[in-house]
Amino acid sequence: FVSKKSIIVSKTTTELNLKWSDISPVKLYDKLKLPQFLITNVSTSLCKETFHIGEYSCLKAEFYLQRALGYHLVQSYLPTILIVVISWVSFWLDVEAIPARITLGVTTLLTISSKGAGIQSNLPPVSYAKAIDVWMGACTTFVFAALLEFTLVNYLWRISSTKPNTDCPRRKGIEAQECNKKPFCIISDGNGIPDYQTSGADIGSRTSGTPERIDIISRVMFPMIFLVFNLIYWPYYLILIAP
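Below is the structure:
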């Protein structure tokens, strides 16, 4: 709240006593609006101040303010939600699209960091964690986790792609490196019946299922965790803390 005192130092209490009007002591303009706050209540009281030459009467008005949710919803919450959602686009990109996924992850992380710094610059420094601090910390964690998910997927994909081909035989004059270039190896047995052997490319495609499964799981897991966080965050601060 905001407290305002009015003191007349020209006359002491023996000469003048101030008091509020009984009818509408404080009048506010009908169209008075603050960009970030709503005036919920105004209370008035009498007070006295003592100086070295005497005691003086004063009037005290207290304005109770409530932070406007609409302002921060448009300026802070909606942009950060969009940044978090954009970071999830990486899960739908191909595993081999390394430049695109790195650019998307780093860009969203830098954007959420600069957005958080801009929000903090407009708020007074306090010694406790504010609601916006918890929100920005959670959003930054989600964006950073998406970048870590790509690092894990890329690491598993590189391991699977460099794994040697053990199914390509070296008989009948067919080398392993030639077999790796083909989708499968056709080798005739002693009876002239062709035998289809799996090539190294197929092995890589089978083992690359693990990185792809991680991406598929992340497409569902990240939005679900973010939804659970919102279901806890908003009721806590709007219903339990706000009153």
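Per this note's numbering, residue 3 is the first one in the sequence shown, and the count goes up by one each step.
The C-beta atom is built at its ideal place from N, Cα and C for all residues, glycine as well.
Per DSSP, K117 lies in no beta strand (DSSP E) segment; the continuous alpha helix (DSSP H) that holds it begins and ends at I100 to S123. Straight across, the Cα-Cα distance linking K50 with W22 is about 14 Å.
DSSP, reduced to helix, strand and coil, places E151 within a helical segment of the structure shown.
Remark: fewer than three beta-carbon pairs, one from each stretch, lie closer than 8 Å, so the segment 88 to 96 and the segment 118 to 138 are not flagged as touching. For S92, there is no enclosing alpha helix (DSSP H), as DSSP gives it neither H nor E. When the five nearest sequence neighbours on each side are left out, the beta carbons in the same chain lying within less than 8 Å of the beta carbon of W159 are those of V97, E98, S210 and P213, in order along the chain.
Excluding five sequence positions before and after T52, the CB atoms of its chain that fall closer than 8 Å to its own CB belong to Y58, given in chain order.
Spatial neighbours of V28 in its own chain (CB-CB distance under 7 Å, excluding positions within 5 residues in sequence) are listed in chain order as V44, T46 and A63.
Contact annotation: T82 and K117 have beta-carbon atoms nearer than 8 Å.
Per DSSP, the beta-bridge partners of Q68 are L40.
Between T142 and I114, the CB-CB gap stays under 8 Å. Per DSSP, the beta bridge partners of T52 are E57. Taking C-beta atoms as the reference points, T42 and L71 fail to come closer than 8 Å. Residue burial annotation: A119 is exposed, with fewer than 16 other C-beta atoms found within 10 angstroms of its C-beta. Secondary structure at A131: coil, using DSSP grouped into helix, strand and coil. Cβ-Cβ separation between F224 and F144: approximately 7 Å, consistent with a contact (criterion under 8 Å). Between Y73 and P37 a beta carbon distance of about 6 Å is seen, short of the 8 Å cut, so the two are scored as contacting. Excluding residues up to 5 positions away in sequence, G56, E57 and Y58 lie with their Cβ nearer than 7 Å to the Cβ of T14 in the same chain. A distance of 8 Å or more separates the beta carbons of F231 and A148. Exposure of V222 is indicated by the presence of fewer than 16 other C-beta atoms within 10 angstroms of its C-beta. Residue environment: L106 is assigned as buried (16 or more neighbouring CB atoms within 10 Å of its CB, all protein chains considered). The three-state secondary structure of S220, taken from DSSP, is helix. Scanning Y130, P126, L111 and I100 for the CA closest to the CA of N156 turns up I100.
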